[in-house]
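These notes are about the structure you will find just below.
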Amino acid sequence: MTDPVPDAALGVRLLTDMLRVRRMEEKCAELYGATKIRGFLHLYIGEEACAAGVLPTLTEADNVVATYREHGHALLRGIPLRAIMAEMFGKASGCARGRGGSMHLFDASRRFYGGTAIVGSGLPLAVGLALADRTLRRPAVTACFFGDGAMAEGAFHESANLAALWQLPVLFVCENNLYAMGTALARHQSQTELTAKAASYNMPVWSADGMDVLAVHAAASEAVASVRDEGGPAFLELRTYRFRAHSMFDPDLYREPAEVETWKQRDPIPGLAARLRAAGALDDARLAALDAAADAEVADAVAFAEASDWEPVADLLTDVVTPASGAGTGGAR
Amino acid sequence: MRMSYREAVRAALHEALVADPRVFLMGEDVGRYGGSYAVSKGFYDEFGPERIRDAPLSELGFVGAGVGAALGGLRPVVEVMTVNFSLLALDQIVNMAAVYRHMSGGQFSVPVVIRMATGAGRQLGAQHSHSLENWYAHVPGLRVVAPATVADARGMLPAALAEPDPVVIFEHVGLYNVEEEVGDWACDLTHAAVRRPGSDVSIVTYGGSLPKALAAAATLASGGIDAEVLDLRVLRPLDREAIAASVRRTHRVVVVDEGWKTGSLAGEVVAGLAEECLYDLDAAPRRVCSAEVPIPYAKHLEDAALPSVDGIVAAVREVCGA
Amino acid sequence: MREFTLPSLGADMDSGKLIEWLVKPGDVVHKGQVVAVVDTSKAAIDVEIWFDGIVGALLTEPGERIDVGTVMATILAPGEEMPAGPEEPVEEPVGEPVGEPTGEPSGAGGVRLRVSPAARRRAAELGLDLTGVLGTGPGGAITLADVDAAGAARAAPEPGTAAPTASEVERLEAASPAERPALMRQAIAAAMSRSKREIPHYYLAETIPLARAVAWLTERNAARPITERVLMAVVQLKAVARALAEVPGLNGFFLDGTFRPAPVAHVGVAIALKQAGLVAPALHDVAAKDLDTLMRELTDLVARARSWTLRSSELSDATITVTNLGEEGVETVFGIITPPQVAVVGFGRLAVRPFVVDGAVAAVPTVTASLAADHRVTDGHTGALFLAALHDWLQRPDEL
Amino acid sequence: MDDTELRDAVVAELRRIAPEVDADDLDDRRPLRRQVDLDSLDWLRFLLGLHDRLGVEIPEADYPQLSTLGEVVGYLRARL
Chain A
1 MTDPVPDAAL
11 GVRLLTDMLR
21 VRRMEEKCAE
31 LYGATKIRGF
41 LHLYIGEEAC
51 AAGVLPTLTE
61 ADNVVATYRE
71 HGHALLRGIP
81 LRAIMAEMFG
91 KASGCARGRG
101 GSMHLFDASR
111 RFYGGTAIVG
121 SGLPLAVGLA
131 LADRTLRRPA
141 VTACFFGDGA
151 MAEGAFHESA
161 NLAALWQLPV
171 LFVCENNLYA
181 MGTALARHQS
191 QTELTAKAAS
201 YNMPVWSADG
211 MDVLAVHAAA
221 SEAVASVRDE
231 GGPAFLELRT
241 YRFRAHSMFD
251 PDLYREPAEV
261 ETWKQRDPIP
271 GLAARLRAAG
281 ALDDARLAAL
291 DAAADAEVAD
301 AVAFAEASDW
311 EPVADLLTDV
321 VTPASGAGTG
331 GAR
Chain B
1001 MRMSYREAVR
1011 AALHEALVAD
1021 PRVFLMGEDV
1031 GRYGGSYAVS
1041 KGFYDEFGPE
1051 RIRDAPLSEL
1061 GFVGAGVGAA
1071 LGGLRPVVEV
1081 MTVNFSLLAL
1091 DQIVNMAAVY
1101 RHMSGGQFSV
1111 PVVIRMATGA
1121 GRQLGAQHSH
1131 SLENWYAHVP
1141 GLRVVAPATV
1151 ADARGMLPAA
1161 LAEPDPVVIF
1171 EHVGLYNVEE
1181 EVGDWACDLT
1191 HAAVRRPGSD
1201 VSIVTYGGSL
1211 PKALAAAATL
1221 ASGGIDAEVL
1231 DLRVLRPLDR
1241 EAIAASVRRT
1251 HRVVVVDEGW
1261 KTGSLAGEVV
1271 AGLAEECLYD
1281 LDAAPRRVCS
1291 AEVPIPYAKH
1301 LEDAALPSVD
1311 GIVAAVREVC
1321 GA
Chain C
2001 MREFTLPSLG
2011 ADMDSGKLIE
2021 WLVKPGDVVH
2031 KGQVVAVVDT
2041 SKAAIDVEIW
2051 FDGIVGALLT
2061 EPGERIDVGT
2071 VMATILAPGE
2081 EMPAGPEEPV
2091 EEPVGEPVGE
2101 PTGEPSGAGG
2111 VRLRVSPAAR
2121 RRAAELGLDL
2131 TGVLGTGPGG
2141 AITLADVDAA
2151 GAARAAPEPG
2161 TAAPTASEVE
2171 RLEAASPAER
2181 PALMRQAIAA
2191 AMSRSKREIP
2201 HYYLAETIPL
2211 ARAVAWLTER
2221 NAARPITERV
2231 LMAVVQLKAV
2241 ARALAEVPGL
2251 NGFFLDGTFR
2261 PAPVAHVGVA
2271 IALKQAGLVA
2281 PALHDVAAKD
2291 LDTLMRELTD
2301 LVARARSWTL
2311 RSSELSDATI
2321 TVTNLGEEGV
2331 ETVFGIITPP
2341 QVAVVGFGRL
2351 AVRPFVVDGA
2361 VAAVPTVTAS
2371 LAADHRVTDG
2381 HTGALFLAAL
2391 HDWLQRPDEL
Chain D
3001 MDDTELRDAV
3011 VAELRRIAPE
3021 VDADDLDDRR
3031 PLRRQVDLDS
3041 LDWLRFLLGL
3051 HDRLGVEIPE
3061 ADYPQLSTLG
3071 EVVGYLRARL
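If you're matching them up, the sequences are chains A, B, C and D in order. Using our numbering, read the first sequence as starting at 1 and increasing by one per residue. Using our numbering, read the second sequence as starting at 1001 and increasing by one per residue. Using our numbering, read the third sequence as starting at 2001 and increasing by one per residue. Using our numbering, read the fourth sequence as starting at 3001 and increasing by one per residue.
The structure is reproduced here in structure tokens:
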């Protein structure tokens, strides 16, 4: 039994997005095992509907602030997979020239502000970006993604307070995957209804099924419209689940396999595919073609990353500060 | 013209607010209250709540908002009441502002200016009196400056606002009432400055310790020791050339730093000299720092904990073998 | 560096045989730790060390019988480097320990010199051996100024004073005769500049009648062959040494801000080197020697000074200096002290002058003795006591 | 030993004490210690050298007779 698909074209597009993210990350896991990708690698597999549902509701003028589980957001914000893959390889052609890695993907031209790995640290940043837009009278929205774990950080509360107090255009997107690393929601939140916390700061809240990209899209559209129209912040909770461990370092001992299996039954990709088939918007050949295209994009990116050069060690110290800074307005006084 | 350090900071801020609509001042009680050190008194009425933005007691939040606003195209001047409070915002300064340019492969600069009061001497106790400049000076990606003269108080803010990267300005609480004649205040944020030339020993210092170092040099001069006083001005990046040049002239060095000695900037200065100028040294360097104790409240104890003119004089005499 | 010597482990113990070492070079040792086992002929006894440090070199072999007081090992202070070179003192055997064991004059026995890095580099540039150079810096370290002084003085000491270091004399000896005057001049300039810069001098003088001494000496010499004749200068030197025994505050070194009195007077004698300046080598323990011995030693000293064959110890041991310019007709000498000494005694011309004796003016041979002394160490009162004692001794030449 | 040889011997002894002396520059009639810068010890060493070389005993009381080089040579000549 499946829900109907109100907009088949949108559905196919979102399915395509999710597939691209899924195939990319499956390759990432493989490359991690092959030691091509190192460091921390946090996979988004299972949660693709969140990024895929929210990002299409934003415009190019809007800002995106993401977490360290941001490969999907980066890709769907438009950063070329080549640049993402090269970054994970640590190559000079990466979207942060090899300085960031998996957790720190950036693209100024797409207003993609990272890629930050201190839980909650992106929230004050997003408030500031929104403050700048408000001050400069730019009608932009800043979408800030974070997890349920960040809701325990002071940064969330300070940022929610500031954004509501100053009526700043921030869309707070909480990807609630039920675990703060390995600690279950009920073990880290006194109030597990996360929308209640946000609502206490006097902002409108939405909550959607994060395993249903169309539901995410619908809720995000409303929330973004609210921010844009009302000027103040909004909070969107996406109840989701990651199928894989927190990171490649995580033995995943804190979850029952059965729980993971139960959630996998709700995998957003086959779920949407089935609905699109039912709606006659997708057949095997189309699906295979989408899959093949995603695979090809990944293969191309891996080949690109492999072939790319390393940043010369001689350039180690570049971009710490702006060249020739410190000149001030005169000499030492 | 003659003005106080406080008036110099105020004049610099006022000028910047008038000159550039992207500039705004944000912090706790900077607006209606007028600033905890009265630096922004009257600005709220003149520039309005958007330009003079009173922030809730959310150092992490509003300093981070300053970082974000800088990324978003504004020129925020964020005021943190004291360096002790800045620890609540350390994440945004150290993990975000300082690294964004590098971590993004050069795509994002963060032109935020963060001002904070530092130092002891006002009997404010162990949570409002510390000198943690070295914590920030440790971090690549930040530019850390300490105006020690009224001219620098006037000049460093516009220079900082001209920077494409984050600048942390430390204003020593003991300096706000200092009055000096100020001529041309335009300055860079690169070079140290010789505040008193001398030939026998270099006293290297910064910020609130500069007046003490100059007083010590005057005392020493009457005793036949001609001390050079070098004001670091910029704590990151250190002007190592100026430090080395001075020591190559005098062959002796005493570093005065209100921070604690362990892990101090003074230690960094001395270590740099050991690396670069060992064979120019004619005596082991000395550091005059704060006693290794949280700054106590009682006046006599606070005084005893801090670098003193007498302590500087004694250290100089020791390295001079006098 | 400190020395670990065989202690006396009983009132009747004069020597012992080392059975075994319980430590090895590089070991950290603590006060009270047993470091060796020694057979005292009564029993095998554990020998403790009484200070902390790091074992440098073990100088006694197991099985070796050694006297009490023998240095068995060197113990380094924490952080001190192991001596690089051989432990053997090089060059001339040194008759007496050089100065006080204060770490300076430095360099004896392979101890690492305490030299500032800048001074070290300057010394390397000048090719100077800093052994024996006195340090004036913190902790007695040799500073840039000390090296410059030594470098200038690499040939010479001082007018009426400055004792050049062993290395300086070596330099001078190595230099060609044509080079020596200039080198000597530099040395004197540096040492005297330093003295005048650092030492607050005070000056006293007294006219001393020598009628008795002249008569006594003339009579004494008349009875002797030329080889046994004694000069008045020797009588004066001996009198100085005897007076110093009574007023010891003028005899010794000022080091590290404190005066270190010398147990005996090694009197430096200023010897003009003709066109090449002057040196002030020491006559050792003058008070203990008779006039004939002193005369012999002085003659030898002058000959060797003029032929550049002085021993380093003679150049660093003087605890006070005597300068005699009477030969040139000078009335009174206002001397400059050679650091780290604290006084210089000057003698002017011996001449017959009107002098009041028993209430009447008489023609009496007199000499003006002067004292320049370091006001950091003594006051004029001490100096006056010294001149009075000198006066008295010169009236009793037969007791000298 | 004639007077010339004796003078040479005296000058040689003088040069041992004062190597810088040039024999040709010495004026036999001027006081020796003014010309050569000899102090009393030098003088004694000079006389000691003459004593060793020539075996002549010179009492201290005779020193005033030995002012010039000529006087020294004459004094020695008389006692050889």
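Glycine included, each C-beta is placed from N, C-alpha and C at the ideal position. Keep in mind it's a predicted model, so treat the numbers as computed, not measured.
- For residue 1154/B, same chain residues with a beta-carbon under 7 Å away, outside a window of 5 residues either side, are 1008, 1011, 1012, 1182, 1185 in chain order.
- Per the coordinates, the alpha-carbon of residue 2223/C lies some 12 Å from the alpha-carbon of residue 3057/D.
- Take the alpha-carbon of residue 139/A and the one of residue 1002/B: they are about 46 Å apart.
- Within the stretch 247-276 of chain A, contact with chain B at the beta-carbon level (separation under 9 Å) is assigned to no residue.
- In the structure shown, the three-state DSSP call for residue 2146/C is helix.
- The three-state reading of DSSP puts residue 19/A in helix, counting H, G and I together.
- Against chain D, the beta carbon of residue 2225/C has neighbours under 7 Å at 3057, listed in chain order.
- In terms of beta-carbon proximity, residue 1157/B stays away from the interface with chain A, with every pair separated by 7 Å or more.
- At least one CB of chain D lies nearer than 7 Å to the CB of residue 2221/C.
- Between residue 1061/B and residue 190/A, the gap from beta carbon to beta carbon reaches 7 Å or more.
- DSSP, reduced to helix, strand and coil, places residue 151/A within a helical segment of the structure shown.
- When beta bridges are read from the DSSP output, residue 174/A appears opposite 146/A, 237/A.
- Where residue 1181/B is concerned, the enclosing beta strand (DSSP E) starts and stops at 1179-1181.
- Taking CB atoms only, residue 1067/B has a neighbour in chain A less than 7 Å away.
- Within the same chain, 1092 come within 6 Å of residue 1064/B by CB-CB distance, once the 5 residues on both sides are set aside.
- Closest by C-alpha distance to residue 36/A, out of 308/A, 320/A, 315/A, is 308/A.
- Contact fails between the stretch 1144-1151 of chain B and the stretch 1064-1076 of chain B, because fewer than three Cβ pairs, one in each stretch, are under 8 Å apart.
- By the neighbour-count definition (other C-beta atoms within 10 Å, threshold 16), residue 87/A is a buried residue.
- Listed as beta-bridge partners of residue 113/A by DSSP are no residues whatsoever.
- Comparing alpha carbon positions, the residue from 2351/C, 2340/C, 2342/C, 2139/C closest to residue 2332/C is 2351/C.
- A straight line joining the alpha-carbon of residue 2231/C with that of residue 2126/C spans about 41 Å.
- The beta-carbon of residue 38/A is placed no less than 7 Å from the nearest beta-carbon of chain B.
- For residue 2211/C, none of the residues of chain D pass the 9 Å Cβ criterion, the least Cβ distance being about 17 Å.
- Interface with chain C (7 Å Cβ-Cβ cutoff): residue 3060/D is included.
- Within 7 Å of the CB of residue 99/A, the CB atoms of chain B belong to 1102, 1103, 1105, in sequence order along the chain.
- Under the criterion of beta carbons closer than 8 Å, residue 2287/C and residue 2245/C qualify as touching, at roughly 5 Å.
- Between the alpha carbons of residue 2385/C and residue 2077/C lies a distance of about 43 Å.
- Pairing residue 250/A with residue 2034/C, the inter-Cα distance amounts to about 55 Å.
- Along the length of the stretch 1286-1317 of chain B, whole alpha helix (DSSP H) runs at least 4 residues long occupy 1299-1305, reported in chain order.
- Around the C-beta of residue 1134/B, 16 or more other C-beta atoms lie within 10 Å, and the residue is accordingly described as buried.
- Each of 1110/B, 1202/B, 1302/B was checked against the Cα of residue 1164/B, and the nearest Cα belongs to 1110/B.
- The alpha carbon of residue 166/A has as its nearest neighbour, out of 323/A, 317/A, 230/A, the alpha carbon of 230/A.
- Here residue 2024/C is exposed. Its C-beta has fewer than 16 other C-beta atoms within 10 Å.
- In the structure shown, residue 1092/B adopts helical secondary structure according to DSSP, grouped into three states.
- Taking C-beta atoms as the reference points, residue 328/A and residue 1187/B count as a pair closer than 7 Å.
- Within 7 Å of the CB of residue 2118/C, the CB atoms of chain B belong to 1251, 1279, 1280, 1281, 1282, in sequence order along the chain.
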